[in-house]
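Note that the working numbering numbers the sequence shown so that position 35 is 36, with each residue one more than the last.
Backbone N, C-alpha and C define an ideal beta-carbon position, used for all residues, glycine too.
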Amino acid sequence: MNKENLLNLLINGTSTFTIETILINMSMSIILSIYIYFIYKKSYNGVVYSQNFNLTIVMISLITSIIMMLIGSNLAISLGMVGALSIVRFRAAIKEPKDIAFLFWAIAVGLAAGIGAFVIAIIGSAAITIVLLLFGNRLYKDYSYLLVVKGDNIKCEDINNILNQYKLPFKLRMKNTTKLYAELTYEITLKHVNADNLTEHFYTIENVREVHIVSYNGEVSV
Numbered sequence: 002m003n004k005e006n007l008l009n010l011l012i013n014g015t016s017t018f019t020i021e022t023i024l025i026n027m028s029m030s031i032i033l034s035i036y037i038y039f040i041y042k043k044s045y046n047g048v049v050y051s052q053n054f055n056l057t058i059v060m061i062s063l064i065t066s067i068i069m070m071l072i073g074s075n076l077a078i079s080l081g082m083v084g085a086l087s088i089v090r091f092r093a094a095i096k097e098p099k100d101i102a103f104l105f106w107a108i109a110v111g112l113a114a115g116i117g118a119f120v121i122a123i124i125g126s127a128a129i130t131i132v133l134l135l136f137g138n139r140l141y142k143d144y145s146y147l148l149v150v151k152g153d154n155i156k157c158e159d160i161n162n163i164l165n166q167y168k169l170p171f172k173l174r175m176k177n178t179t180k181l182y183a184e185l186t187y188e189i190t191l192k193h194v195n196a197d198n199l200t201e202h203f204y205t206i207e208n209v210r211e212v213h214i215v216s217y218n219g220e221v222s223v
């Protein structure tokens with residue numbers, strides 16, 4: 002291969018896509034991205050489900066497939082694509098770390114579908130689903146809560162005694178006090194304990210004014 006042929010190979014590439022190939026790649030990308038769409042919807046554990054974000058996952062997969070078919074092995078287009086994408090700034094805040102994983106999943110499926118690596122995309126998606134089934138439910142089995150107790154001169158010992166009676170794992174996260182007032186925040190795991198019964202038990206402590214039990218995702222600022 003002479004220099005001219007090598008240069009032509011780097012610039013023009015060798016990958017050619019027929020209409021049939023394009024349709025097959027796009028169809029596989031659509032099927033797998035819709036699969037991710039339903040997996041995300043079923044495995045979502047937050048409070049407010051975002052339909053727009055889930056639709057974005059499908060779009061990212063399709064767009065990635067198109068980009069991969071455009072680039073192929075064409076060096077000129079690939080460099081131009083890198084330059085074009087480098088000026089894009091994404092400002093959307095992603096609150097859940099698991100959402101980032103779904104975005105990467107969609108990108109991976111789009112990459113695989115774009116180059117025709119359907120087996121990798123299918124087996125990889127199946128493996129990710131198995132991981133979600135095995136560890137997703139386990140993660141939220143013993144869901145954590147924040148227990149906030151407010152009152153006049155309440156003591157940690159009184160709260161600890163009740164939590165020990167119910168055999169609940171707990172950890173004191175915050176203690177705000179004044180001369181006549183105290184606010185105690187605990188991280189607890191309710192397991193099979195009834196929240197109403199636990200709340201009523203706290204009100205038996207003298208000077209307890211308010212009791213709040215709030216679910217959270219395990220992240221607390223201290």
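Residue i versus residue j - alpha carbon distance
i, j, result
"tyrosine 182", "asparagine 208", "10 Å"
"asparagine 161", "lysine 43", "37 Å"
"isoleucine 230", "isoleucine 129", "There is simply no residue 230 to check, as the chain begins at 2 and stops at 223 in what is shown."
"serine 145", "arginine 210", "23 Å"
"asparagine 198", "glycine 111", "51 Å"
"valine 194", "tyrosine 167", "7 Å"
"phenylalanine 103", "isoleucine 35", "12 Å"
"serine 126", "lysine 151", "48 Å"
"isoleucine 163", "threonine 178", "20 Å"
"alanine 196", "methionine 69", "52 Å"
"valine 212", "histidine 202", "10 Å"
"threonine 19", "isoleucine 108", "23 Å"
"isoleucine 101", "methionine 175", "30 Å"
"phenylalanine 54", "tryptophan 106", "14 Å"
"leucine 24", "leucine 63", "12 Å"
Environment of residue i [buried if 16+ CB atoms lie within 10 Å]
i, result
"serine 30", "buried"
"threonine 225", "With the chain represented from 2 up to 223, any question about residue 225 goes unanswered, as that position is not in the structure."
"tyrosine 50", "exposed"
"tyrosine 41", "buried"
"threonine 65", "buried"
"asparagine 26", "buried"
"isoleucine 61", "buried"
"phenylalanine 72", "Contrary to the premise, residue 72 reads as isoleucine rather than phenylalanine in this sequence. The residue is buried, with at least 16 neighbouring Cβ atoms inside 10 Å."
"lysine 142", "For lysine 142, the pLDDT reaches just 47, beneath the cut-off of 50, and the residue's location in the model is therefore unreliable, although a value from the coordinates is still provided. Looking at its Cβ environment, which holds fewer than 16 other Cβ atoms inside 10 Å, lysine 142 is exposed."
Check: residue i C-beta below 6 Å from any heavy atom of the ligand HEM
i, result
"alanine 127", "For the ligand HEM, the structure offers nothing, since it holds no ligand at all."
Rounded Cβ spacing between residue i and residue j (contact assumed at less than 8 Å)
i, j, result
"isoleucine 58", "tyrosine 45", "About 12 Å; that fails the 8 Å criterion."
"leucine 135", "isoleucine 189", "The Cβ separation is near 26 Å, so there is no contact."
"leucine 169", "leucine 191", "7 Å"
"alanine 122", "leucine 33", "6 Å"
"threonine 205", "isoleucine 214", "Threonine 205 to isoleucine 214, Cβ: 16 Å. No contact."
Segments assigned beta strand (DSSP E), at least 3 residues, entirely inside the stretch 150-208: Entirely contained in the stretch 150-208, the beta strand (DSSP E) runs reaching 3 residues are, in chain order, 171-178, 183-190.
Segment contact, 8 Å Cβ cut-off, at least three pairs: the stretch 148-164 with the stretch 104-124: A contact between stretches requires three or more CB pairs, one per stretch, nearer than 8 Å, and the stretch 148-164 fails this requirement with the stretch 104-124.
Runs of alpha helix (DSSP H) wholly within the stretch 91-137 (minimum 4 residues, chain order): Listed in chain order, the complete alpha helix (DSSP H) runs (minimum 4 residues) inside the stretch 91-137 are 98-116, 119-132.
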